[in-house]
Amino acid sequence: MKINSQGKITLAHGSGGSATRDLIAELFSARFSNPILDRLEDSAVLARPEGGIALTTDSYVITPLVFPGGDIGKLAVCGTVNDLWMMGAKPLYLTAGFIIEEGLDFSTLEYVAESMAREAARQGVAIVTGDTKVVDKGSGSGGLYICTSGLGSRVFEGVSVEKLLGREHLRDGDAVLVSGALGNHHACILSQRLGIDNTIASDCAGLGSMVRALLQEGIRVKLMRDITRGGLATVLNEFLREDLCIQLEETAIPVDEDVAALCGLLGLDPLYMANEGKFVCVVECDDTAQALKVLRRDELGRQAAVIGTVEPRSLGEPGVFLRTSLGGMRVVDVLYGEGLPRIC
């Protein structure tokens with residue numbers, strides 16, 4: 003083995019020469035191996051998927067790189083496949099670009115690569131092409147950034163969503179559901195940064211099993227979105243049409259006790275906190291009970307809940323409104339400015 007697992011990344015590993023070749027061959031290719039990637043061409047040549055194609059791209063920046071419940075590698079895979087699933091597309095292929103800061107421990111990079119490989123296998127996707135770059139020490143925080151793209155098919159296992167998902171399908175009376183408790187990822191990363199001792203772990207996970215079950219059960223899903231930066235409040239505002247509002251019930255929104263306690267301590271609102279393993283969906287009113295049943299039978303959806311409804315626009319602008327536990331009504335707007343502290 004030509005790379006030193008106890009050593010650190012140097013600028014030579016980004017030179018394009020022998021050190022780069024060793025890094026790619028011994029660290030990345032060895033873990034991500036598949037017939038397409040193993041050709042080591044400038045581009046991956048892929049079979050044409052059936053039906054419509056969904057394509058997404060994302061970048062991952064987080065401190066610390068490893069945290070309870072996940073790491074930047076697992077986060078990159080789950081985040082990318084989740085974006086595809088939210089469009090009703092079965093993930094097939096991923097790309098992965100690594101921007102590595104000089105001085106990063108090889109052991110950390112190996113840990114992240116192994117985590118990515120495990121999660122890709124778990125999610126049923128192949129990492130088919132990638133890239134590495136090394137930047138000067140001090141160029142950024144954390145020491146490692148990962149850039150991904152994902153490609154998926156919107157026709158799979160007899161299910162087609164070509165004419166299913168979109169704001170144009172929303173109707174008065176549709177139900178709004180979340181797949182689980184809010185704020186865990188944000189609370190976990192914040193706790194790690196501030197040195198707060200608690201048991202909060204990130205909810206980082208792939209959402210495919212729940213989405214697949216909803217579609218295969220024939221649930222009339224109108225819209226889906228994973229609840230990441232900006233939180234539930236921002237996502238729901240993006241769902242709005244000019245003729246509709248969304249009304250939420252505060253008492254129905256699931257938040258774990260330890261997350262709620264941290265929010266109370268630091269003045270955070272779970273509605274604006276990032277998650278990495280939760281999604282919100284809007285379904286036909288008559289399918290509400292069955293949709294909730296489908297979500298709750300999945301291990302990741304045990305805390306799924308119906309949290310609100312789509313309603314005709316009342317006086318004024320369309321918006322998201324929250325009936326509080328005290329019976330009052332609060333406007334829930336998008337996140338403005340910086341969501342402090344930044345967690346990605």
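Counting in this note's numbering, the sequence shown runs from 3 upward without gaps.
Beta carbons: idealized from backbone N, C-alpha and C, even for Gly.
Checking 8 Å against the spacing of the C-beta atoms, do residue i and residue j come in under that value?
i       : j       : result
Glu-121 : Val-79  : yes
Leu-172 : Val-312 : yes
Cys-247 : Phe-323 : yes
Thr-230 : Thr-150 : no
Val-83  : Gly-152 : yes
Ala-183 : Val-261 : yes
Gly-105 : Lys-135 : no
Glu-244 : Arg-325 : no
Asp-300 : Ala-177 : no
Leu-94  : Gly-54  : no
Glu-112 : Leu-29  : yes
Phe-281 : Cys-190 : no
Ile-255 : Ile-202 : no
Asp-228 : Asp-85  : yes
Phe-360 : Ile-26  : Residue 360 is absent from the model: the chain starts at 3 and stops at 346.
Ala-434 : Arg-156 : Because the chain here runs from 3 to 346, residue 434 falls outside it and cannot be looked at.
For residue i, which residues of its own chain have a beta-carbon under 8 Å away from its beta-carbon, when the five flanking residues on both sides are left out?
i       : result
Leu-167 : Met-89, Gly-90, Val-223, Lys-224, Leu-225, Met-226
Leu-302 : Ser-181, Gly-182, Ala-207, Leu-209, Ser-211, Met-212, Gly-279
Gly-145 : Leu-67, Ile-102, Glu-103, Gly-105, Leu-106, Thr-110
Gln-125 : Val-79, Cys-80, Val-83, Pro-93, Gly-208, Gly-210
Just to confirm my understanding: we take residue i, look at its own chain, exclude 5 residues before and 5 after, and list those with CB closer than 6 Å. What are they?
i       : result
Leu-39  : Val-130
Cys-206 : Gly-71, Gly-72, Lys-76, Leu-77, Cys-80, Glu-278, Gly-279
Gly-233 : Leu-273, Tyr-274, Met-275
Gly-16  : Lys-135, Val-136
His-187 : Ser-204, Asp-205, Ala-276, Asn-277, Glu-278
Trp-87  : Leu-209, Gly-210, Val-213
Ala-49  : none
Ser-117 : Asp-73, Gly-75, Lys-76
Count the other CB atoms within 10 Å of the CB of residue i; is the residue buried (16 or more) or exposed (fewer)?
i       : result
Thr-2   : This structure leaves residue 2 out entirely; the chain is present only between 3 and 346.
Pro-314 : exposed
Ser-316 : exposed
Val-333 : exposed
Leu-67  : buried
Gly-185 : buried
Met-331 : exposed
Asp-289 : buried
Ala-115 : buried
Ser-20  : exposed
Leu-42  : exposed
Leu-13  : exposed
Ser-327 : exposed
Leu-96  : buried
Leu-196 : exposed
Val-296 : buried
Gly-329 : exposed
Using C-beta distances below 7 Å, list every residue in its chain close to residue i, excluding the 5 sequence neighbours before and after it, in chain order.
i       : result
Tyr-147 : Ser-61, Tyr-62, Val-63, Ile-101
Phe-158 : Lys-92
Arg-298 : Arg-304, Ala-306
Ala-293 : Leu-179, Leu-216, Ile-221, Val-285
Ser-141 : Glu-103
Pro-51  : Leu-94, Ser-155
Val-287 : Looking at the sequence itself, residue 287 is Cys, so the reference to Val does not match. Correct list, in chain order: Gly-175, Asp-176, Ala-177.
When you compare each of the options to residue i by their alpha carbons, which one comes out closest?
i       : options                            : result
Gly-132 : Glu-170, Thr-22, Ser-193           : Thr-22
Ala-32  : Ala-98, Ala-119, Ser-20            : Ala-119
Gly-1   : Asn-200, Phe-241, Glu-116          : Absent from the structure is residue 1, since the part of the chain shown begins at 3 and ends at 346.
Arg-304 : Leu-179, Val-137, Asp-199          : Leu-179
Ile-221 : Ala-291, Ser-193, Gln-125, Val-47  : Ala-291
Leu-267 : Ile-198, Arg-41, Gly-126, Gly-175  : Ile-198
Gln-249 : Ser-193, Lys-295, Gly-175          : Gly-175
Val-161 : Ile-26, Gln-218, Ala-98, Glu-259   : Gln-218
Ala-123 : Tyr-338, Leu-48, Ser-35            : Ser-35
Ala-98  : Phe-108, Trp-87, Ile-74            : Ile-74
Gln-194 : Thr-65, Phe-108, Ala-27, Gly-18    : Thr-65
Asn-200 : Cys-287, Glu-170, Asp-258, Ala-235 : Asp-258
Val-47  : Ala-128, Leu-270, Ser-327          : Ala-128
Thr-236 : Glu-319, Glu-52, Tyr-338           : Tyr-338
Leu-192 : Pro-51, Ser-141, Leu-270, Gly-126  : Leu-270
Verify the CB distance criterion: does residue i have a CB-CB separation below 8 Å to chain C?
i       : result
Glu-170 : Among the protein chains of the structure shown there is no chain C, as only one such chain exists.
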